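Chains as they are written, first to last, in this note's numbering: chain L, 1 to 223; chain H, 224 to 401.
C-beta: ideal position from N, C-alpha, C; glycine also.
Bear in mind the structure is a predicted one, so any value in this text is a computation, not a measurement.
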């Protein structure tokens with residue numbers, strides 16, 4: 001045996017180097033797979049949460065309303081959650097890089113694959129009612145409340161018509177404020193509506209009004 | 224001990240607790256590892272230490288090796304990590320590599336640059352950036368195929384081809400001798 005080999009074999013025989021147990025590697029692989037699965041489902045959860053919060057805050061109604069709507073949408077978008085999803089996806093693509101089927105292809109493919117799956121999965125998850133259920137518990141936990149609380153969007157008012165007059169109507173918003181809406185659009189008492197306009201005191205000058213459905217989640221027609 | 228056993232058969236014996244067969248693996252790969260190291264580092268003593276560390280790591284982690292795969296690729300992967308860590312210690316390496324992120328429009332062929340003059344390559348290799356140099360070393364000096372190089376460096380197979388082509392072109396541009 002040559003000197004170099006001997007040095008290494010001596011270290012092994014004198015227990016200076018120890019072979020790690022197979023169970024250690026199995027455990028490591030299982031933990032890696034679990035982290036990948038967890039990261040994936042967390043990304044899905046947050047993607048569907050974005051869709052849910054866009055709905056409950058009425059932001060989904062805004063983009064079709066033109067530049068003003070787009071600007072309001074942009075400034076009220078939950079960017080923090082979106083960045084969280086990006087970080088999770090970055091982590092996911094890095095964890096998955098350990099596997100042959102991922103690293104043998106350009107990283108762009110796996111990143112695009114993950115983005116598409118998370119987006120489609122997010123839309124599918126948003127259709128289930130689990131976010132509604134968590135939403136009901138928002139007052140019990142500050143963490144849930146942080147992600148699920150209705151955010152006030154500037155110049156956007158959603159609520160029920162409580163009184164109709166000659167020059168407009170009175171809107172009771174979901175948080176109980178009463179606003180006078182100046183408009184000649186015909187509405188009835190108890191109509192759920194969404195109003196985009198500039199507020200001066202409790203008077204709102206209307207830019208657009210949309211009728212929405214009873215749970216304020218779907219736009220029906222806009223004027 | 225049957226010296227004709229394949230690397231993977233020897234690993235099976237080591238995994239079952241035998242120590243002596245590991246000496247055969249050390250013997251088979253010691254020179255290759257040192258040669259590989261010399262393409263990146265110039266100090267002989269450092270290379271000797273790092274190669275020793277490579278074999279120690281491979282012994283410690285040998286239970287993670289899947290005997291259905293190629294032992295040489297697995298060992299070169301450990302060597303790559305060790306040499307890269309050593310290079311990082313000496314000078315910071317690039318974090319983002321666009322070659323790995325985006326697909327390539329350039330085509331590549333498995334036998335690209337087959338007739339290169341290895342002596343000239345060897346002479347001017349140290350003028351190349353690390354990422355091109357390593358692919359050229361693995362391909363022309365260690366004679367590994369693209370998939371093995373892809374497994375060692377954990378980069379796309381197409382990137383191996385593109386780096387090889389660009390690396391050789393760079394050398395050609397400068398010296399016009401390859």
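Between residue 155 of chain L and residue 196 of chain L, the CB-CB gap stays under 8 Å. Going by beta carbons, residue 138 of chain L and residue 158 of chain L fall outside the 8 Å limit. If you draw a straight line from the Cα of residue 45 of chain L to the Cα of residue 125 of chain L, it comes to about 7 Å. Per DSSP, residue 192 of chain L lies in no alpha helix (DSSP H) segment; the continuous beta strand (DSSP E) that holds it begins and ends at 192-200. Setting aside the 5 residues that flank it on each side, residue 78 of chain L is surrounded in the same chain by 50, 53, each with a C-beta closer than 6 Å to its C-beta; the list follows chain order. Not flagged as an interface residue toward chain H: residue 211 of chain L, since no C-beta distance is shorter than 8 Å. With a cutoff of 8 Å on beta-carbon distance, residue 56 of chain L and residue 127 of chain L are scored as not near each other. With respect to residue 290 of chain H, residue 234 of chain H sits close: the two C-beta atoms are nearer than 8 Å. Within the segment 84-99 of chain L, 97, 98 place their CB atoms closer than 9 Å to a CB of chain H, listed in sequence order. Under the three-state reduction of DSSP output, residue 393 of chain H falls in the helix class.
Closest in alpha carbon position to residue 366 of chain H, among H:295, H:281, H:274, is H:295.
Taking C-beta atoms as the reference points, residue 133 of chain L and residue 164 of chain L fail to come closer than 8 Å. Take the alpha-carbon of residue 62 of chain L and the one of residue 192 of chain L: they are about 16 Å apart. The residues 155, 204, 205, 207, in chain order, have a CB closer than 8 Å to that of residue 198 of chain L in the same chain once the five nearest residues on each side in sequence are set aside. Rounded to the nearest whole angstrom, the CA to CA distance from residue 200 of chain L to residue 85 of chain L is 37 Å. Listed in chain order, the non-local C-beta contacts of residue 264 of chain H below 6 Å within the same chain comprise 270, local neighbours out to five positions each way being set aside.
Boundaries of the alpha helix (DSSP H) harbouring residue 92 of chain L: 79-96, taken from the DSSP string. Nearest CB-CB separation between residue 35 of chain L and chain H: not below the 8 Å threshold. Taking a contact as a CB-CB distance under 8 Å, the pair residue 92 of chain L and residue 39 of chain L counts as one, their CB atoms being some 5 Å apart. Residue 142 of chain L sits exposed, since fewer than 16 C-beta atoms from the chains shown fall within 10 Å of its C-beta. Within the DSSP bridge table, the entry for residue 310 of chain H names no partner. The three-state secondary structure of residue 263 of chain H, taken from DSSP, is coil. Excluding sequence positions up to five before and after residue 356 of chain H, its CB lies within less than 8 Å of the CB of 262, 263, 348, 349, 390, all in the same chain and listed in chain order. Counting only Cβ-Cβ distances below 7 Å, residue 290 of chain H has no contacts in chain L at all, with the closest Cβ about 12 Å away. For residue 295 of chain H, no chain L residue has a C-beta closer than 9 Å to its own C-beta; the minimum C-beta separation is roughly 16 Å.
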